[in-house]
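Sequential numbering from 14 applies to the sequence shown in our numbering.
The block underneath contains the structure these notes are about, expressed in structure tokens.
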Amino acid sequence: MLKRPDGYVLTTFGIGVRPKNIQRIVEADKKRLQAMKDQSQFGLRGDPETTAMFKQAAREAREEYLQALEAAYRE
């Protein structure tokens, strides 16, 4: 089971999941959380170009996180 420090469960794994895949998920989740924080902090008060930039960064970080999960379950 992979949890955030606040206790939120990200995912559970079966036997045989590679540690590098778990690490990839952890790193992608950190990146996703930071992108979401940045979007909420700066994206709403910025000009349209800045808002779009933070929204795109959050979208890309979420996609990376989902790809990391998919890779872990596939291998």
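For every residue, glycine included, the Cβ atom is placed at its ideal position computed from N, Cα and C.
{"Query": "Residues in the same chain with beta-carbon distance under 8 Å from Ser53, minus the five sequence neighbours each way, listed in chain order, please.", "Result": "none"}
{"Query": "Who are the near neighbours of Ile28 in its chain, counting only those whose CB is closer than 7 Å to its CB and skipping five residues on each side?", "Result": "none"}
{"Query": "How big is the Cα-Cα spacing for Arg17 and Ile38?", "Result": "11 Å"}
{"Query": "Inspect the beta-carbon positions of Phe26 and Ala81 and report whether they are closer than 8 Å.", "Result": "no"}
{"Query": "Look at the alpha carbon of Asp60 and the alpha carbon of Pro32, and state the distance between them as a whole number of angstroms.", "Result": "41 Å"}
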